[in-house]
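Let me begin by presenting the structure, written as structure tokens, before commenting on it.
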Amino acid sequence: MPNLNELPEETLAAVVSGVRFLSLATISEEGPVVRSLGSWGLQGRTLYFSTSRASRKAAQLAQDPRVSAQLLPEGQELPNLKNVVIEGPARLLESDADRAPAIEVIGRRNPRFKERASRGELGENAIYAVDARRIKLLDFSRGLGPDSVSLFHA
């Protein structure tokens, strides 16, 4: 399995450029839970996302920080479908210094989030960083089955 450093950032950026919502899987007592998030951003191989501090996902992440996030661009046809799955532990960003780069990255994709941050309205938001431990790149233009999957690990 190739190292994460062997996945060109421009390849990753090209695939995620058409992604509107992130599908995030967390782990609950009953098993995996998947939900869609609009407040997210990717900088290199670090995924940032935000959610309410009072949400079930925040409670789940406090119990088990492991996540899997799928980034699937909209409007693709099956023969050329591409997506990215990022896996790793989600780390809560507590300090303003830690949160600032995340707010900037998320704000590039989500102007409303950036506006709320500039007005100091993110007090109820938990912001997380996921430093990828594994990234799966799926590209059906290379064929189906094993030919379509590239795995990169930390």
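Numbering (the working numbering), first residue to last: 85 to 238.
Backbone N, C-alpha and C define an ideal beta-carbon position, used for all residues, glycine too.
For clarity, every value in this text was computed on a predicted model and none was experimentally measured.
Short of 8 Å in beta carbon distance, which residues of its chain neighbour residue i, apart from the five on each side in sequence? Order them along the chain.
| i | result |
| --- | --- |
| residue 149 | 173, 174, 175 |
| residue 117 | 109, 110, 111, 140, 141, 144 |
| residue 159 | 102 |
| residue 136 | 142, 208, 209, 210 |
With residue i as the anchor, note down where its alpha helix (DSSP H) starts and where it stops.
| i | result |
| --- | --- |
| residue 99 | 93–100 |
| residue 77 | In this structure the chain extends from 85 to 238, so residue 77 is not present and cannot be described. |
| residue 140 | 140–147 |
Based on the DSSP output, what are the partners of residue i in its beta bridges?
| i | result |
| --- | --- |
| residue 174 | 214 |
| residue 152 | 109, 171 |
| residue 134 | 211 |
| residue 222 | 167, 233 |
Please report the residue range of the beta strand (DSSP E) in which residue i lies.
| i | result |
| --- | --- |
| residue 125 | 124–127 |
| residue 228 | Taken as a continuous stretch (DSSP letters only), residue 228 belongs to no beta strand (DSSP E), as it is neither H nor E. |
| residue 159 | That residue, residue 159, is in no beta strand (DSSP E); it is neither H nor E in DSSP. |
| residue 119 | 115–121 |
| residue 235 | 233–237 |
Would residue i be called buried (16 or more neighbouring beta carbons within 10 Å of its own) or exposed?
| i | result |
| --- | --- |
| residue 146 | exposed |
| residue 186 | buried |
| residue 203 | exposed |
| residue 209 | buried |
| residue 181 | exposed |
| residue 96 | buried |
| residue 155 | buried |
| residue 131 | buried |
| residue 153 | buried |
| residue 196 | exposed |
Grab me the residues of residue i's own chain with a C-beta within less than 7 Å of its C-beta, minus the 5 sequence neighbours each way, in chain order.
| i | result |
| --- | --- |
| residue 232 | 222, 223, 224, 226 |
| residue 200 | 206 |
Can you list, in chain order, the residues of its chain whose CB lies under 6 Å from that of residue i, leaving out five sequence neighbours each side?
| i | result |
| --- | --- |
| residue 40 | Given a span of 85 to 238 for the chain in the structure shown, any question on residue 40 remains unanswerable. |
| residue 127 | 189 |
I'd like to know whether the C-beta of residue i is nearer than 8 Å to at least one C-beta of chain C.
| i | result |
| --- | --- |
| residue 170 | No chain C appears in this structure, which consists of one protein chain only. |
### the stretch 97–104 contacting the stretch 158–173, beta-carbon criterion three pairs below 8 Å
yes
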